[in-house]
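Chains as they are written, first to last, in this note's numbering: chain Y, 1 to 325; chain V, 326 to 650.
There are 2 protein chains.
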Amino acid sequence: MKLAIFGYGNLGRGVECAAKQNPDMELIAVFTRRDPSSVHTLTGVPVYSASDIKSFKDQIDVLIICGGSATDLPALTPVLAEDFHVIDSFDTHANIPTHFSNVDKSAKESGHLALISAGWDPGLFSLNRLYASSVLPHGADYTFWGRGVSQGHSDAIRRIKGVKDARQYTVPIQEALDKVRSGQQPMLSTRQKHLRECYVVAEEGADLDRIENEIKTMPNYFSDYDTTVTFISEEELLRDHKELPHGGFVIRTGKTGVREEHTERIEYSLKLDSNPEFTGSVLVACARAILKMANRGETGCRTVFDIAPADLSPLSRDELLHSML
Amino acid sequence: MKLAIFGYGNLGRGVECAAKQNPDMELIAVFTRRDPSSVHTLTGVPVYSASDIKSFKDQIDVLIICGGSATDLPALTPVLAEDFHVIDSFDTHANIPTHFSNVDKSAKESGHLALISAGWDPGLFSLNRLYASSVLPHGADYTFWGRGVSQGHSDAIRRIKGVKDARQYTVPIQEALDKVRSGQQPMLSTRQKHLRECYVVAEEGADLDRIENEIKTMPNYFSDYDTTVTFISEEELLRDHKELPHGGFVIRTGKTGVREEHTERIEYSLKLDSNPEFTGSVLVACARAILKMANRGETGCRTVFDIAPADLSPLSRDELLHSML
């Protein structure tokens, strides 16, 4: 199958790496809104201008759109679904229903199939929330993120005056994890679930106390959390914080039994050295499923909840029965 | 939807408990091969003779067959699929392809839908092997079971002369778990992955050394493992070993990246106080999916790999998008 990538940042490079690992796939093009001659791909895949994409209409089986959820994807995915089967990783949870319905309309009208919100959260974590809550209706589930770099929070710090660069780690609180695992189904506040660790490079002469205070009191991003701020040099940031690790936990505990009660626990976790490469790997597996589903005549918008797991695999039904069931 | 249970042992009772937790379900009958008047259900569901089941042909949406994989299910599932949409938890991994094709033939010919090998392994663990291997093709996965009671191994000990009762726990070896989690992708022998702990009640005057030796040297069951044998009284067995806990881990680690290599880890685990109640909970969620799929006109045999996750949930697509994605 022939894949292409629209948007070549960290996630686009992650998709490129993942495509390389799957012998049934070929990555034939990267589309960029920058000057294509300025973009050099990791594996030598040719780079084209985003404005040329329509001329590739019949050459691409699935187009993977790698853009930001704030402004890029809401605009791009419905438009690109007019000409291609598409996948995105739209992750603004509150806006998913609107994005779904925009993409669904466009894909249905043009006879294409689209998958939105693929990745690990939303994505694999969503699947685990769904499986666990379907199996254990009398229970509660909890999602913890980290330890990992939050790019949104790092960006928010960088927008503060006097900040040259920053890296923010989201850290799940061990005590909360332990309480959840015990099956007590605790009520946990935002502050009880996660810490935020900030590593900040300040500009020369900047007022460090003011920066620290602006971070810790920033609404939505930091004010509801226990936040630590550590000022480091640019060299330290580049040396110790250049990677983009992430991960997290989805844990559901529930009760079963009618006379005696039993506690059951389902736990799913990810520990990722490279968030964009792992997310890219999920998108590429989903591309395989979307092409199979499109070849069966499906059109419109889908989420990971609609993908029968067998469609993600390159193995045949017989191979799956023998080796994996 | 109207459910019925065929076979009322530990698993049948687990299904009964699970059905009770789902307001969209009603359990209307239990069928037994014993004298129905001798069987009393936990929730007052009426009990009928297995031989009367044909007269319920139009009253049951999905029939959950709770029998053993050695002889019951290979005979029962293909026959019951002639008259009902059916689900079983067939778990003899090596014979799944044969069982699948027998059930598929029968269900297709009669226009019914069947799901085989549902539960947690095969079942939820299989799903996790499939998702993880599709996402991380350059990797290795490992399944560990326990700590939990293996009924097959407990039965094998009970067949030894001089043994009155026994309970066998399968225990994953921590060192092996740690090595797998590190991302090293180790080669592990059977003995390196699990221990077997046996608690045995001997008959009065039995030769304990002989019993211990027969257990430890039993081929397939114990000879490839480090096995401990502890003789206890019948009172201790009833007091300390009456529950049927189980659980386990599916862990896959893989590499991503083309220039620099990164390690990614996906881990899924279950910690179950009641293996049969949890397995019953999985079967009941699958029954919901099978009815939705049958109502869309599907026939033949399926496995958990063929179920789109949304079909397991009582929630609508809109509710899933809002609350779970």
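Think of the CB as a built atom: it goes at the ideal place given N, C-alpha and C, for glycine as much as any other residue.
Just to make sure I have the definition right: I need the residues of chain Y whose C-beta is within less than 7 Å of the C-beta of residue 607 of chain V. Which are they? Taking the first residue of the second sequence as 1, we reach residue 607 of chain V at position 282. Counting only Cβ-Cβ distances below 7 Å, residue 607 of chain V has contacts in chain Y at 135, in chain order.
Assuming contact is defined by CB atoms lying nearer than 8 Å, are residue 593 of chain V and residue 453 of chain V in contact in what I supplied? Translated into the one-based positions of the second sequence, residue 593 of chain V becomes position 268. Translated into the one-based positions of the second sequence, residue 453 of chain V becomes position 128. With respect to the 8 Å criterion, residue 593 of chain V and residue 453 of chain V are classified as neighbours on the basis of their beta carbons.
For residue 372 of chain V and residue 344 of chain V, what's the separation of their Cα atoms in angstroms? Locating residue 372 of chain V in the second sequence gives position 47, counting from the first residue. Locating residue 344 of chain V in the second sequence gives position 19, counting from the first residue. Looking at the two C-alpha atoms, the distance is approximately 16 Å.
What in chain V is Cβ-close to residue 17 of chain Y, meaning under 7 Å? As a working note, residue 17 of chain Y is residue 17 in the first sequence. Within 7 Å Cβ-Cβ: 581, 582, 583.
If you count every other CB in all the chains shown that lies within 10 Å of the CB of residue 224 of chain Y, and 16 or more means buried, which is it? Position 224 of the first sequence, counted from the start, is the residue given in the question as residue 224 of chain Y. Taking all protein chains in view, the Cβ of residue 224 of chain Y is surrounded by fewer than 16 other Cβ atoms within 10 Å, so the residue is classified as exposed.
Starting from the beta carbon of residue 266 of chain Y, find every residue of chain V whose beta carbon is closer than 7 Å, and list them in chain order. Locating residue 266 of chain Y in the first sequence gives position 266, where the first residue counts as 1. In chain order: 595.
Using Cβ-Cβ distances below 7 Å, what residues of the segment 487-518 of chain V are close to chain Y? Legend: CB atoms of the segment 487-518 of chain V lying less than 7 Å from CB atoms of chain Y are not found in any residue.
In this structure, how does DSSP classify residue 140 of chain Y when only helix, strand and coil are distinguished? Residue 140 of chain Y sits at position 140 when you count from the first residue of the first sequence. Strand, per DSSP.
Which one of Y/242, Y/227, Y/125 has the shortest CA to CA distance from residue 271 of chain Y? Numbered from its first residue, the first sequence carries residue 271 of chain Y at position 271. Of the candidates Y/242, Y/227, Y/125, the one whose C-alpha sits nearest the C-alpha of residue 271 of chain Y is Y/125.
Among Y/163, Y/298, Y/151, which residue has its Cα nearest to the Cα of residue 213 of chain Y? Position 213 of the first sequence, counting from 1, holds the residue named residue 213 of chain Y. When Y/163, Y/298, Y/151 are compared, the shortest CA-CA separation from residue 213 of chain Y is found for Y/163.
Proximity to residue 564 of chain V [Cα-Cα], best of V/573, V/526, V/583, V/534: Here residue 564 of chain V corresponds to residue number 239 of the second sequence, with the count starting at 1. When C-alpha distances from residue 564 of chain V are compared across V/573, V/526, V/583, V/534, the shortest belongs to V/526.
Select from V/417, V/536, V/589, V/404 the residue whose C-alpha is nearest the C-alpha of residue 395 of chain V. What you label residue 395 of chain V is simply residue 70 of the second sequence in a count that begins at 1. Relative to the Cα of residue 395 of chain V, the nearest Cα in the group V/417, V/536, V/589, V/404 belongs to V/417.
To the nearest whole angstrom, what separates the beta carbons of residue 445 of chain V and residue 603 of chain V, a pair I think is in contact under 8 Å? Taking the first residue of the second sequence as position 1, residue 445 of chain V is located at position 120. Taking the first residue of the second sequence as position 1, residue 603 of chain V is located at position 278. 7 Å between Cβ atoms; contact.
Could you please tell me which residues of the segment 52-69 of chain Y, in chain order, have their CB closer than 9 Å to any CB of chain V? Answer set for the segment 52-69 of chain Y: empty.
Under 8 Å by beta carbon: chain V residues contacting residue 197 of chain Y: Translated into positions along the first sequence, residue 197 of chain Y becomes position 197. Around residue 197 of chain Y, no beta-carbon contact reaches into chain V at under 8 Å, the shortest distance being about 21 Å.
Per-residue DSSP class, three states only, for residue 185 of chain Y: Mapped onto the first sequence, residue 185 of chain Y falls at position 185. If DSSP states are grouped into helix, strand and coil, residue 185 of chain Y belongs with coil.
If the cut is a Cβ gap below 7 Å, which residues of chain Y does residue 588 of chain V touch? Start at 1 with the first residue of the second sequence, and residue 588 of chain V comes out as number 263. Per Cβ cutoff of 7 Å: 273.
Could you check how far apart the C-beta atoms of residue 227 of chain Y and residue 196 of chain Y are, in whole angstroms? I think they sit under 8 Å. Numbered from its first residue, the first sequence carries residue 227 of chain Y at position 227. Numbered from its first residue, the first sequence carries residue 196 of chain Y at position 196. Confirmed, about 4 Å.
Proximity to residue 379 of chain V [Cα-Cα], best of V/360, V/399, V/404, V/391: Sequence index remark: in the second sequence, residue 379 of chain V carries index 54 (1-based). Per the Cα distances, V/404.
Express the C-alpha separation of residue 166 of chain Y and residue 148 of chain Y in angstroms, rounding to a whole number. If you number the first sequence from 1, residue 148 of chain Y lands on position 148. If you number the first sequence from 1, residue 166 of chain Y lands on position 166. Distance between the alpha carbons of residue 148 of chain Y and residue 166 of chain Y is about 14 Å.
Whole beta strand (DSSP E) elements within the segment 289-316 of chain Y, 3-residue minimum: Those beta strand (DSSP E) runs which fall completely within the segment 289-316 of chain Y and span 3+ residues are 300-302.
Between which two residues does the alpha helix (DSSP H) harbouring residue 248 of chain Y extend? What you label residue 248 of chain Y is simply residue 248 of the first sequence in a count that begins at 1. Element bounds for residue 248 of chain Y: not the alpha helix (DSSP H) but the beta strand (DSSP E), 246-256.
Among Y/184, Y/171, Y/123, which residue has its Cα nearest to the Cα of residue 303 of chain Y? Your numbering for residue 303 of chain Y matches position 303 in the first sequence. The shortest Cα separation from residue 303 of chain Y among Y/184, Y/171, Y/123 belongs to Y/123.
Please tell me whether residue 147 of chain Y has its Cβ less than 8 Å away from any Cβ of chain V. To locate residue 147 of chain Y, count along the first sequence from 1; it is residue 147. By this cut-off, residue 147 of chain Y is not an interface position.
Determine contact between the segment 250-258 of chain Y and the segment 58-73 of chain Y, defined as no fewer than three beta-carbon pairs at a distance below 8 Å. As far as the Cβ criterion goes, the segment 250-258 of chain Y does not touch the segment 58-73 of chain Y, which means the pair count is below three.
Can you tell me which of Y/4, Y/177, Y/8 puts its alpha carbon nearest to the alpha carbon of residue 328 of chain Y? Absent from the structure is residue 328 of chain Y, since the part of chain Y shown begins at 1 and ends at 325.
7 Å Cβ shell around residue 463 of chain V - same chain, five flanking residues per side excluded: Taking the first residue of the second sequence as position 1, residue 463 of chain V is located at position 138. Within the same chain, residue 463 of chain V has close Cβ partners 579, 580.
Please classify residue 168 of chain Y as buried or exposed, where buried requires at least 16 other C-beta atoms within 10 Å of its C-beta. Looking up residue 168 of chain Y in the first sequence gives position 168. With 16 or more other Cβ atoms within 10 Å, it is buried.
Please list the residues of the segment 301-312 of chain Y that have a C-beta atom closer than 7 Å to any C-beta atom in chain V, keeping them in chain order. Listed by position, the residues of the segment 301-312 of chain Y near chain V (Cβ gap below 7 Å) are 303, 305, 306, 307, 308, 309, 310, 312.
Are residue 398 of chain V and residue 413 of chain V close, meaning C-beta to C-beta below 8 Å? Position 73 of the second sequence, counted from the start, is the residue given in the question as residue 398 of chain V. Position 88 of the second sequence, counted from the start, is the residue given in the question as residue 413 of chain V. If you check the CB distance, residue 398 of chain V and residue 413 of chain V come in under 8 Å.
Based on DSSP bridge pairs, tell me the residues matched to residue 356 of chain V. Counted from its first residue, the second sequence places residue 356 of chain V at position 31. Listed as beta-bridge partners of residue 356 of chain V by DSSP are V/331, V/373.
Exposed unless 16 or more other CB atoms sit within 10 angstroms - verdict on residue 338 of chain V: Translated into positions along the second sequence, residue 338 of chain V becomes position 13. With at least 16 other beta carbons inside 10 angstroms of its own, residue 338 of chain V counts as buried.
Is residue 299 of chain V near residue 497 of chain V, with beta carbons less than 8 Å apart? For chain V, the structure presents residues 326 to 650; residue 299 of chain V sits outside this window and is missing.
Cutoff 8 Å: residue 299 of chain Y Cβ touching any chain V Cβ: For this step, residue 299 of chain Y is matched to residue 299 along the first sequence. By this cut-off, residue 299 of chain Y is not an interface position.
Please go through the same chain and pick out, in chain order, the residues whose beta-carbon is closer than 6 Å to the beta-carbon of residue 31 of chain Y, but skip the five residues on each side of it. Reading the first sequence from its first residue, position 31 is the one you call residue 31 of chain Y. For residue 31 of chain Y, where only same-chain residues beyond five positions count, the Cβ hits under 6 Å are 6, 48, 50, 53.
Once you ignore the five residues that flank residue 206 of chain Y on each side, which residues in its own chain have a CB closer than 7 Å to its CB? Taking the first residue of the first sequence as 1, we reach residue 206 of chain Y at position 206. Excluding residues within five positions, the ones whose Cβ falls inside 7 Å are 162.
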